[in-house]
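The structure appears below as structure tokens.
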Amino acid sequence: MIPTFTRSYEAAAAIAGHLIVAFADPANASTVTPATSSTDALIGTADSMGADLGGMCDVHRGGVSEVRLGGPVQAGDPITADANAKGIAATASAATTVRIIGYAEAPGVADDIIQYFAAPGLLHQG
């Protein structure tokens, strides 16, 4: 296992393992929920156990971790969230900003669990 930086957050909704999580209400709390878009306040991925509503969710925030995919990615692709909190290749279209959780360490297709290097950031297309 490759060491990661993991932090626990209260789950504002049930979260399945290896899904991308975001802050549920960033202005008022630091609870987490499954991400629903590439513009959510993405912070990392739930560990393999996930969490029940109101439980504590261990979120991988740094290092090399795992994400369940929602579509095809290639090694090196930046990863963002789809509507189901799964990882997809991130692209920014004109005048948009997309949040990413990091970069794929391996290729994969929908429902594969792959490793990714956690490097949260933004992609912007002017």
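In this text, residue positions in the sequence shown follow the numbering used here: the first is 72, and each later residue adds one.
Backbone N, C-alpha and C fix where the C-beta goes; we use that ideal spot for every residue, glycine too.
Every value quoted in this text rests on a predicted model; they were computed, and no experiment measured them.
Option in the options with minimal Cα separation from residue i
i: residue 178; options: 155, 172, 143 and 139; result: 143
i: residue 89; options: 96, 98, 127 and 131; result: 131
i: residue 149; options: 80, 81 and 185; result: 185
i: residue 106; options: 170, 156 and 75; result: 156
i: residue 76; options: 114, 109, 99 and 96; result: 114
i: residue 138; options: 154, 129, 145 and 119; result: 119
Beta-bridge pairing of residue i - partner residues as DSSP gives them
i: residue 127; result: 81
i: residue 67; result: With the chain covering 72 to 197 only, the question about residue 67 has no answer from this structure.
i: residue 139; result: 184
i: residue 87; result: For residue 87, which the question treats as bridged, DSSP gives no partner whatsoever.
i: residue 116; result: 91 and 131
i: residue 158; result: 140 and 152
Any non-hydrogen atom of the ligand FAD within 8 Å of residue i CB
i: residue 167; result: Questions concerning the ligand FAD fall outside what the structure shown contains, since it holds no ligand whatsoever.
Reduced DSSP category for residue i - H, G, I as helix; E, B as strand; rest coil
i: residue 180; result: coil
i: residue 97; result: coil
i: residue 167; result: strand
i: residue 122; result: strand
i: residue 76; result: strand
Check whether residue i and residue j have beta carbons under 9 Å apart
i: residue 152; j: residue 196; result: no
i: residue 140; j: residue 171; result: no
i: residue 181; j: residue 169; result: no
Whole-Å CB distance - residue i paired with residue j, under 8 Å assumed
i: residue 102; j: residue 122; result: 11 Å between Cβ atoms; not a contact.
i: residue 128; j: residue 91; result: Not confirmed; about 12 Å, so no contact.
i: residue 100; j: residue 111; result: With a Cβ gap of about 15 Å, residue 100 and residue 111 do not count as contacting.
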